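Below: the structure, in structure tokens.
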Amino acid sequence: MLPQTADVVIIGAGIIGASIAYHLAVRGCTNVVILEKEETEISGSTARSVAGVRHQFSTEVNIRLSLYSIERLKRFHEEVGGHAGLQQSGYLFLIDNQADWETYRANVALQRSLGVRVELLAPEDAAQFIPGMRIDDLIGATFGPDDGFCDPHGIAIGYLNRARDLGVRLERATPVVGIRVVGDHVAGVETPVGVINCPVVVNAAGPWAGEVGMLAGLEIPVRPYRRCVYVTEPFPLIPGPIPLTVDVGTGFYMRKEHENVLFGKSNYAEPPGYNLAVDWEWLDVVLEAGLRRFPILERAGLAEKLCWAGAYEITPDHMPILGRHPELEGYVDASGFSGHGVMHAPATGLLIAEEILDGRAHTIDIDPLRINRFRGVLKRELNVI
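Under the numbering used here, the letters of the sequence shown match residues 17 to 401, in that order.
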């Protein structure tokens, strides 16, 4: 039976909602309910992530989120339980034009000033990572040896299991159909099976965050965009591990997953929506970009049954929206991660718990991520895949 009251209701049982629940619970706030609209938890964007983790960003706040989160992932088993699956095989950005090179050099200077290990590489040095890489048009590359990838499901289930051990409740197949507002504050949430009275609601609904905001009469600028991930048959000609490699000029990326190669490229012309079928026509565009830089991929077979699509939750500046809403007391945002939610989940859980329990996040300054930034001039995150 659905509880009638809670101190906090979290909408969404993906990695962000799970991290928030865990961080609230370990501080003693256990009268928390997570509402998940699907039959199973961790079934949305978390389950469909390419799972990259990196420090290489163009904004200080994203770098700080990464620094904190990756340190926590290193200690995940000891601190939370379960396994984060962190593999620090690196991120490699390949740059083929002068404008991007100047931008990435400036990014590296910022990253280094914050304590990130990152290298500027000559084309011939970058070529050592992947056999047969075409480098004749490259100016250089950046390489972060402490970047890599992780296991999103392992992290999310670790947070959820620990939170439930501490008393947090998870209600599956329970969509939120309304958010009750009295005056200027949240009073509860409505579901098809009942109402939960609560003073705090956290919007951790991922690609559905915009729709959840509308239930409270708020405009939350988060839109869902499909991202397709293609997978080769086992391909030993590119031996692993390799860095998650991004050809900046084309947007093509790839990494190894066991013996397979995962690869893709964002389709920025596609309108927002919830279609998560694999786009096989887009594959031709992706392969054209990939073969231009990595001709060896022509010898790989495609594992069609392993390919998938997921949804990025994108904001206008490709930065998340975190914190209390200035117009509605008790409504807290934790959405819009624009492809970076998995890697920033540990920091996000901590910061949202601080925002709720202490009145304001303080471990990292999240003022650049509050929703009121959209009233002014935006500082966009440039390192987006």
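Cβ coordinates follow ideal geometry from the N, Cα and C atoms, glycine included.
The structure displayed is predicted, hence computed values, not measured ones.
Residues in its own chain within less than 8 Å of residue 219 by CB, not counting five upstream and five downstream? 27, 28, 225, 228, 229, 236, 347, 348, 349, 350, 351
Hey, residue 108 and residue 261: beta-carbon distance below 8 Å or not? yes
Where residue 123 falls, given that 16 or more other Cβ within 10 Å makes a residue buried: buried
Decide if residue 103 is buried, meaning its Cβ has at least 16 other Cβ atoms within 10 Å, or exposed. buried
With a Cβ-Cβ cutoff of 8 Å, do residue 340 and residue 289 count as a contact? no
Of the residues 212, 132, 205, the one placed nearest residue 231, counting alpha carbons only: 205
Mind listing, in chain order, the continuous beta strand (DSSP E) runs of no fewer than 3 residues lying wholly within the segment 197-283? 201-207, 210-213, 216-219, 239-247, 260-263, 268-273, 276-280
Under DSSP, the alpha helix (DSSP H) around residue 76 begins and ends at which residues? 76-90
Bridge partners - residue 103, DSSP secondary structure assignment: 165
Residue 328 - partner residues in DSSP beta bridges: 241
Test item: CB-CB of residue 279 and residue 306 under 8 Å: yes
Do residue 238 and residue 118 have their C-beta atoms closer together than 8 Å? no
Determine which residues share a DSSP beta bridge with residue 349 and list them. 219, 339
In three-state DSSP terms, what is residue 157? strand
Buried versus exposed call for residue 71 [16 or more other C-beta atoms within 10 Å across all chains shown]: buried
Would the beta-carbon of residue 168 fall within 8 Å of that of residue 67? yes
So what does residue 49 bridge to, in DSSP terms? 25, 185
Could you spell out where the alpha helix (DSSP H) holding residue 136 opens and where it closes? That residue, residue 136, is in no alpha helix (DSSP H); its beta strand (DSSP E) goes 135-137.
Whole angstroms are fine: how far does the CA of residue 251 sit from the CA of residue 404? In the structure as shown, the chain begins at 17 and stops at 401. Residue 404 is therefore absent and cannot be evaluated.
Just to confirm my understanding: we take residue 99, look at its own chain, exclude 5 residues before and 5 after, and list those with CB closer than 8 Å. What are they? 92, 93, 167, 170, 174
Compute the Euclidean distance between the alpha carbons of residue 5 and residue 193, then round it to the nearest angstrom. Since the first residue of the chain shown is 17 and the last is 401, residue 5 is not available in this structure.
Distance, Cα to Cα, residue 144 vs residue 399? 23 Å
Following the continuous alpha helix (DSSP H) through residue 63, name the residue where it begins and the one where it ends. Run containing residue 63: none; DSSP gives neither H nor E here.
Count the CB pairs spanning the segment 146-165 and the segment 43-51 that are closer than 8 Å, and state whether there are at least three. no
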